[in-house]
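Have a look at the structure below before the remarks.
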Amino acid sequence: MPHRYFTREIGGGRAALTGPDAHHLAHVMRARVGDTVLLCGPDALEYTGQITAIAPDRVEFTVSEGLPSTAEPRTEITLYAAYPKQGKLEEIIRHGVELGVGRVVPFFSRYCVAAPKKEEAKNERYRRIAAEAAKQCGRGRLPEVEMPLPDFGAVCAALADEELALFFYEGGGRSLRELLARPPFPRRIALVTGSEGGFAPEEVEQAVKAGAVPVGLGPRILRCETAPLAALAAVLTLTGDLE
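Just so you know, we're using this note's numbering here: the sequence shown kicks off at 240 and counts up by one.
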């Protein structure tokens, strides 16, 4: 199977890789002009790329007509995950990408144990983790990992752009199975999950006022690193993407 790379430099029958991916292909994989790889663009299409030129920090290709990736969910899911402590966000990102998340947006809330620290450097690492997971599981596009939002008010403001926002609350709420009982399903769904300390009462009120629908994940209290993955798997199963 050809190696898979993600690039935004693709169009008009041509494409290019730069940076670490170009170095990996040219120097680690020892690629040569004429070799083929699988290229994925931001449009969730897959292209067969034939190498036409190799430079120290750039590899150029001609590409075939793009075909839709069968690995991309029909429903685009954004996960708003409260920032956990001790590196647990890496686990959420890695496994979330494997399951099919389209975008991960961490946020800080009242009961978060973690505090903001060197977030730009961390974000670079989180993006690398997402890229590695996307390559490993055969995704058709590169999921995004955003910089963390500073508070829950910023999360509620961002939810205005979503077709359906599901607020996963330890106090329960609507039945997820009933909400997603039958098609047509929303094209964009946001999932909001909490921190080690859960959500403050005023945050629950903010979420409801912002149009989010409180839902539960069963009778057991899940850990903050388990709940996002359980929510993601449940929604993708109900919308038919994990059948």
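For each residue, glycine too, the CB sits at the ideal point set by N, CA and C.
Fair warning: this is a prediction, and the values are worked out from it, not measured in the lab.
Proximity winner among 280, 319, 303, 250, relative to residue 468 (alpha-carbon distances):
319
Strand pairing of residue 244, partner residues [DSSP]
278
For residue 460, does the count of other Cβ atoms within 10 angstroms reach 16, so buried, or fall short, so exposed?
exposed
For residue 378, does the count of other Cβ atoms within 10 angstroms reach 16, so buried, or fall short, so exposed?
buried
Going by the beta-carbon positions, is the gap between residue 315 and residue 280 smaller than 8 Å?
no
Residue 302 beta carbon less than 8 Å from that of residue 322
no
DSSP three-state call for residue 392: helix, strand or coil?
helix
For residue 319, which residues does DSSP report across the bridge?
344, 431
So what does residue 287 bridge to, in DSSP terms?
277
State the start and end residues of the unbroken beta strand (DSSP E) segment that holds residue 299.
297-302
Output the boundary residues of the beta strand (DSSP E) element that contains residue 253.
253-257
Simplified DSSP state of residue 293, which is helix, strand or coil
strand
Rounded to a whole number of angstroms, what is the C-alpha to C-alpha distance between residue 312 and residue 363?
25 Å
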